[in-house]
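Undergrad: Following this message is one structure expressed as structure tokens.
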Amino acid sequence: MTHPVRQARTRVKICCISSAEEARLAIAAGADALGFVAGRPSGSGIVDDATIRAVADEAPPPVASFLLTPHLKGADIVAHLRLCGTNTVQIVDHVDPAEHAVIAGALPLVRRVQVIHVEGPRTLDLIPVYEPHIHAFLLDSGKPGGSMRELGGTGRTHDWQVSAEFVRRSRRPVFLAGGLNAGNVAAAIAAVRPFGLDLCSGVRTAGHLDPAKLDAFMQAVRGAG
């Protein structure tokens, strides 16, 4: 039995925010959420905790602030969240579901998003593992078990057929990430029907948030319905 999450429009999270200026650009363009990369084994856009705190504190409701933490233990994640002050945590690697309970017990108002790297149909087996413990999933490209670990930030798309089936089966909202840009986002929305989209490099030039690319992406999302 499937439990599709219904929504009026597709949300957008702009990740790799590195400054107050980038946050203002993203919000002005219509972003629903900002992502702050505090550290991970792969990808770019890492920013220090003090900057995350300062920028997250300025984000107006209802814009969500996501902390991409490198920590895997609940107590360490709680400490990191208290330092950075975001209202959402994005866990970029597999963790024992019990660690989510630690976070929920200490910070019940912080929303928990579990990243799942799409590596084939076996990805679907992870839905019942995490679903009871989180608020949302985020599907990304990556190879967490590879010799060169990739935990997102690849700039590559993955198998959207698997992602679409994940969305159909999940009781939780699902964000789609991985190689999204203005040229392919309409096709991604049509194929996967995600709750939200997450991207970094697709709206950047030379590592900096590009207003023209950002506006083109947001227009493509709106045009996709």
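Taking the working numbering, I'd label the letters of the sequence shown as residues -3 to 221.
Don't be surprised by glycine CBs; every beta carbon is placed ideally from N, CA and C.
Beta-carbon within less than 6 angstroms of Val229's beta-carbon, same chain only, minus the 5 sequence neighbours each way: which residues are those?
TA: Residue 229 falls outside the range modelled here, since the chain spans only -3 to 221, and no answer is possible.
Undergrad: Suppose contacts are defined by Cβ-Cβ distances below 9 angstroms. Is Gly308 in contact with Val98 by that definition?
TA: Residue 308 lies beyond the residue range present for the chain, which begins at -3 and ends at 221; the question has no answer from this structure.
Undergrad: Determine whether the beta carbon atoms of Val109 and Ile87 lie at a separation below 9 angstroms.
TA: In this structure, Ile87 lies closer than 9 angstroms to Val109 by Cβ.
Undergrad: Can Leu120 be considered in contact with the ligand ADP, in the sense that its beta carbon sits closer than 8 angstroms to one or more heavy atoms?
TA: As for the ligand ADP, it is missing from this structure, which has no ligand bound.
Undergrad: Just how far apart, CA to CA, sit Ile42 and Ala186?
TA: Going from the Cα of Ile42 to the Cα of Ala186 covers about 31 angstroms.
Undergrad: For Asp45 and Cys11, which I take to be in contact (beta-carbon distance under 8 angstroms), what is that distance rounded to the nearest angstrom?
TA: The Cβ separation is near 16 angstroms, so there is no contact.
Undergrad: Between Val181 and the rest of its own chain, which residues show a CB-CB distance below 7 angstroms, the 5 nearest in sequence each way excluded?
TA: Excluding positions up to five away in sequence, the list reads Leu193, Phe213, Ala216, Val217, Ala220.
Undergrad: Helix, strand or coil for Gly142 per DSSP?
TA: Interpretation of Gly142 is limited by its pLDDT of 45, a score under 50 that renders its predicted location unreliable; no figure is taken from the coordinates.
Undergrad: How should Glu17 be labelled, buried or exposed, when 16 other C-beta atoms within 10 angstroms of its C-beta is the threshold for buried?
TA: Result: exposed.
Undergrad: Tell me, which residues are paired with Asp72 by DSSP?
TA: Answer is none; Asp72 lacks a bridge partner.
Undergrad: Mind checking which residues open and close the beta strand (DSSP E) that includes Asp136?
TA: Per DSSP, Asp136 belongs to the beta strand (DSSP E) from 132 to 136.
Undergrad: Could you please give the first and the last residue of the uninterrupted beta strand (DSSP E) stretch that includes Leu103?
TA: Leu103 -> no beta strand (DSSP E), and no H or E assigned at all.
Undergrad: I need the DSSP call for Gly192, collapsed to helix, strand or coil.
TA: Strand at Gly192.
Undergrad: Per the DSSP calculation, Gly31 is bridged to which residue(s)?
TA: In the DSSP output, where bridge partners are listed per residue, Gly31 has Phe62.
Undergrad: The alpha helix (DSSP H) with Ala202 in it runs from where to where?
TA: Neither: Ala202 is in no alpha helix (DSSP H) and is coded neither H nor E.
Undergrad: What are the boundary residues of the alpha helix (DSSP H) that includes Thr47?
TA: Where Thr47 is concerned, the enclosing alpha helix (DSSP H) stretches over 45 to 54.
Undergrad: Are there 16 or more other CB atoms within 10 angstroms of the CB of Glu54, so buried, or fewer, so exposed?
TA: Burial call: exposed.
Undergrad: So, helix, strand or coil for His113, using DSSP?
TA: In this structure, His113 counts as strand in the three-state DSSP scheme.
Undergrad: Determine the DSSP secondary structure at Thr84, reduced to helix, strand or coil.
TA: Thr84: strand per DSSP, three-state reduction.
Undergrad: Strictly by DSSP, which residues pair up with Phe171?
TA: Leu134, Gly192, per the DSSP bridge assignment.
Undergrad: To the nearest angstrom, how far is the alpha carbon of Phe62 from that of Asp28?
TA: Phe62 and Asp28: Cα-Cα distance of roughly 11 angstroms.
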